[in-house]
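Residue numbers (my numbering): 688 to 804.
Just so you know, even glycine gets a beta-carbon here, dropped at the ideal spot from N, CA and C.
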Amino acid sequence: MSGMSRRSLLGYSGTTAAGAVLGGAAAAQPAQAAEPQAQTASADFPAGTLFEGRVGMNIGADTPASLQIKFSVRTEETPAHYDISPQEIADLLNELAVRRGWPTITFYGTPAPARLT
688 MSGMSRRSLL
698 GYSGTTAAGA
708 VLGGAAAAQP
718 AQAAEPQAQT
728 ASADFPAGTL
738 FEGRVGMNIG
748 ADTPASLQIK
758 FSVRTEETPA
768 HYDISPQEIA
778 DLLNELAVRR
788 GWPTITFYGT
798 PAPARLT
């Protein structure tokens with residue numbers, strides 16, 4: 688993918704399918720190399736960024752199911768101790784999803800085509 692930027696792969700729609708392609712490429716890297724990249728990416732999201740994640744699973748022999756969650760966070764003119772980060776929201780949503788039997792969700796921010804850790 689050296690000749691193709693993430694933005695051109697995702698376009699401006701930020702589709703989950705394209706995000707999964709990027710996530711799969713990142714998963715192929717060693718965990719140590721992928722971790723700093725994810726931390727850097729999460730710091731670049733502006734307020735109001737739309738985050739989206741989707742997971743699927745089979746709930747029966749022929750019964751596929753999927754869960755899609757979208758959220759954004761924006762605070763304005765507030766002291767830092769009132770801020771709620773996108774990572775905090777993602778962690779809470781994942782806790783709820785896992786309690787209900789879903790796998791953990793990887794969220795991607797759009798229009799910045801990057802993975803939220």
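Range of the contiguous beta strand (DSSP E) that encloses V742
737-747
Straight-line Cα distance separating P733 from G740:
18 Å
Write down the C-beta distance between L803 and A777 rounded to the nearest angstrom, noting that I regard them as a contact closer than 8 Å.
6 Å
Output the boundary residues of the alpha helix (DSSP H) element that contains A767.
Run containing A767: none; DSSP gives neither H nor E here.
Decide if N781 is buried, meaning its Cβ has at least 16 other Cβ atoms within 10 Å, or exposed.
buried
G710 to H768 span [Cα, whole Å]
Because the pLDDT at G710 is just 48, under 50, the model does not fix this residue reliably, and the value given afterwards should be weighed accordingly. So the alpha carbons of these two residues sit roughly 31 Å apart.
Grab me the residues of I771's own chain with a C-beta within less than 8 Å of its C-beta, minus the 5 sequence neighbours each way, in chain order.
V760, T762
Inter-residue Cα distance where the pair is D749 and T791
22 Å
Going straight from the alpha carbon of N745 to that of A752, what length do you get?
6 Å
For I756, which three-state DSSP category applies?
strand
According to DSSP, which residues form a beta bridge with T797?
L737
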